[in-house]
Amino acid sequence: MCLSTKFRTKSIEINEFHRIINHIRVKIVFPKRRVKRSVLFSLSDLIVSFGGAAALFLGCSFLSGVEFIFFFLEYIGTACWWRMQTVQKKIWNKVSDFK
Numbered sequence: 001m002c003l004s005t006k007f008r009t010k011s012i013e014i015n016e017f018h019r020i021i022n023h024i025r026v027k028i029v030f031p032k033r034r035v036k037r038s039v040l041f042s043l044s045d046l047i048v049s050f051g052g053a054a055a056l057f058l059g060c061s062f063l064s065g066v067e068f069i070f071f072f073l074e075y076i077g078t079a080c081w082w083r084m085q086t087v088q089k090k091i092w093n094k095v096s097d098f099k
């Protein structure tokens, strides 16, 4: 997902001739090419990246993590609901004893 790619070629030609006792040293510099990209990640790309890393290193998928969170929250919600029901029953029993 590269929106724009910029190519810039930078070349410097330096020809240095040094004469050192029967030897000639030539320095050749090849042009360098630099590529600059700006990559944009969306939310789905981020989820895919984390899911791929989790699958590779942990052996689980992103969906497994979401299911774990769902079942944990469901357990907490059910436990709270049952506790509220038992507290309400105790309150109603105390109220009915006074009548």
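Just so you know, we're using full-length UniProt numbering here: the sequence shown kicks off at 1 and counts up by one.
We treat Cβ as the ideally placed atom computed from N, Cα and C, and that holds for glycine.
| Asked | Found |
| --- | --- |
| Taking a contact to mean a Cβ-Cβ separation below 8 Å, would you say SER61 touches ALA55 in this structure? | yes |
| For TYR75 and LEU63, I'd like the C-alpha separation in whole angstroms. | 18 Å |
| Can you name the start and end residues of the alpha helix (DSSP H) that VAL48 belongs to? | 43 to 57 |
| Straight-line CA distance for ALA79 to VAL66? | 20 Å |
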